[in-house]
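Numbering (the UniProt record's numbering), first residue to last: 1 to 557. What follows is a short report on a single structure.
This is how it looks when you write it as structure tokens:
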């Protein structure tokens, strides 16, 4: 008898071969069995009208979607089926028929989390009541008024002192003309005394006002003290509660070895796990499989619903699990399974001899191949930098002036010495260079040209992917224009004004950008034979001649 959440395929899968290894889980190219399982799950989801309102699929809904997952498994009776799961909770609930349960039920009303949450909620009410107290409001207003009065008093006195000083200067000059000897000395002494008395009066007035401000600051501090103490206690309780929660996430692997989430991340050098660790779809699915002796065959996750404003998430599209939360957890959970290597490592191509577009005593311009690193990576040393170092061992560099993503091809500028590198980098920083990229987008763009202005920052849960973030993102601007349209796709020129990581890829794919991912973009769209992005034009000022120099690279797609 199968476990409750085991679903047999409705589709005929008899002609599909099982993978020899468990497919690499952090790929967005799922096994065919996962595709079929996902389609069957999506059909079920389509019939849940109330859920789809929650996921932003209803017209006018401001809600966003959710990540769902399927894990193809084999039962002890050698029957193939799949498990279904989702990340987090849905409308305040985390257990539904047909979906695997959470590793730990945070939402159990009798559990310590809900009880701890209730205590935190009570503290929030108390803090809110204290912060809205009339005495606190009055003390705040009194202090603001006193500080304003102090500022005005200082300005008034400085104005008066300046005027008095000017007047006494004139009086001294008049006395020099009209008075003699003793009378002159007496008059000058009288004016000096007036100056001293006025300064004393100024200091006294300012000191009295400062004392008034200090008294009001103390009164306000006394009123704020219990609030700050409560906030500190709340923070401690919240941290303790979070730690206790993570201690309840006891994750299995195929040999039934148990590891607590907190220990998993400590081994990675992190004192505290990221929020939501252990509650994503992937770990939930694997946990259920191990609990019921189901053999994991292949895993895939997809987005269902409206995209959030910050990320690029397309409805029904496959995405890998998050790297910050799920990668360390899955390293434990998949430990004894025969897991395939990262396919990206196999996609890196040996370009043979690098094509040199231009070279002189100061510069080297390379036509970087697609699927080849600009600089050495964590696991792969072969790169443009490494090759050029071998090609030109006598050069001080190579010093790459800029970089291209591994999947992007085209013009790469290299300096042969540090002084040249400094000059060229200054041109990039000051944006005096002219750059152009050619891209093919997976959609028809109606407009002919425009500017995309979407600030970017790294996605801390999915490095090196980028998020659109208006609060903490760095300015990122791209000019674009259409070259041609054909077969439901648009060929465009990109002119990056700034040079942020993945800028062109995010600006193309994001709903507030062109809403059409670059063809072959496996991070923000869907994979193809290659990423259709190529740096075809670069113009710089030569660091020695001071003259403009232009480089071109033919577009290979």
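By construction, the Cβ of each residue, glycine as well, lies at the ideal position given by its N, Cα and C atoms. Just so we're clear, the structure is a prediction, and the values are computed from it rather than from any experiment.
Supposed contact pair residue j and residue i - C-beta distance, whole angstroms, cut 8 Å
| i | j | result |
| --- | --- | --- |
| residue 357 | residue 553 | 6 Å |
| residue 438 | residue 536 | 5 Å |
| residue 400 | residue 414 | 6 Å |
| residue 489 | residue 440 | 6 Å |
| residue 6 | residue 81 | 5 Å |
| residue 462 | residue 323 | 5 Å |
| residue 423 | residue 543 | 4 Å |
| residue 260 | residue 249 | 7 Å |
| residue 18 | residue 254 | That pair is no contact at about 16 Å. |
| residue 73 | residue 295 | 6 Å |
| residue 123 | residue 234 | 5 Å |
| residue 175 | residue 161 | Rounded, the Cβ-Cβ distance is 20 Å, inconsistent with contact. |
Of the residues the options, the one placed nearest residue i, counting alpha carbons only
| i | options | result |
| --- | --- | --- |
| residue 164 | 202, 419, 133 and 47 | 202 |
| residue 332 | 371, 113, 282 and 373 | 282 |
| residue 102 | 485, 544, 279 and 289 | 279 |
| residue 257 | 236, 291, 272 and 232 | 291 |
| residue 467 | 267, 205, 500 and 526 | 500 |
| residue 375 | 412, 557, 324 and 510 | 412 |
| residue 513 | 529, 234, 460 and 446 | 446 |
| residue 92 | 106, 11 and 419 | 106 |
| residue 433 | 309, 538, 156 and 418 | 538 |
| residue 117 | 353, 516 and 239 | 239 |
| residue 541 | 425, 464, 138 and 197 | 425 |
| residue 144 | 133, 195, 209 and 192 | 209 |
| residue 497 | 505, 487, 479 and 491 | 479 |
| residue 312 | 73, 162, 402 and 511 | 511 |
| residue 131 | 3, 226, 520 and 334 | 226 |
| residue 321 | 21, 26 and 172 | 26 |
Beta-carbon spacing of residue i, residue j below 7 Å
| i | j | result |
| --- | --- | --- |
| residue 473 | residue 457 | yes |
| residue 431 | residue 481 | no |
| residue 340 | residue 55 | no |
| residue 527 | residue 32 | no |
| residue 71 | residue 83 | yes |
| residue 100 | residue 325 | no |
| residue 319 | residue 303 | yes |
| residue 328 | residue 268 | yes |
| residue 524 | residue 505 | yes |
| residue 387 | residue 354 | yes |
| residue 179 | residue 187 | yes |
| residue 491 | residue 483 | yes |
| residue 136 | residue 223 | yes |
| residue 522 | residue 530 | no |
| residue 67 | residue 95 | no |
| residue 366 | residue 344 | no |
Residue i (DSSP reduced to helix, strand or coil)
| i | result |
| --- | --- |
| residue 359 | strand |
| residue 268 | coil |
| residue 565 | The chain is shown only over 1 to 557; residue 565 falls outside these bounds and no answer can be derived. |
| residue 333 | helix |
| residue 82 | strand |
| residue 313 | coil |
| residue 6 | coil |
| residue 527 | coil |
| residue 551 | strand |
| residue 477 | strand |
| residue 344 | helix |
| residue 263 | helix |
| residue 31 | coil |
| residue 226 | helix |
| residue 400 | strand |
| residue 38 | helix |
| residue 406 | coil |
| residue 369 | coil |
| residue 211 | helix |
| residue 74 | strand |
| residue 453 | strand |
Residue burial classification, residue i (beta-carbon count within 10 angstroms, cutoff 16)
| i | result |
| --- | --- |
| residue 336 | exposed |
| residue 78 | exposed |
| residue 372 | buried |
| residue 364 | buried |
| residue 65 | buried |
| residue 177 | exposed |
| residue 98 | exposed |
| residue 429 | exposed |
| residue 398 | buried |
| residue 470 | exposed |
| residue 200 | exposed |
| residue 277 | buried |
| residue 459 | buried |
| residue 416 | buried |
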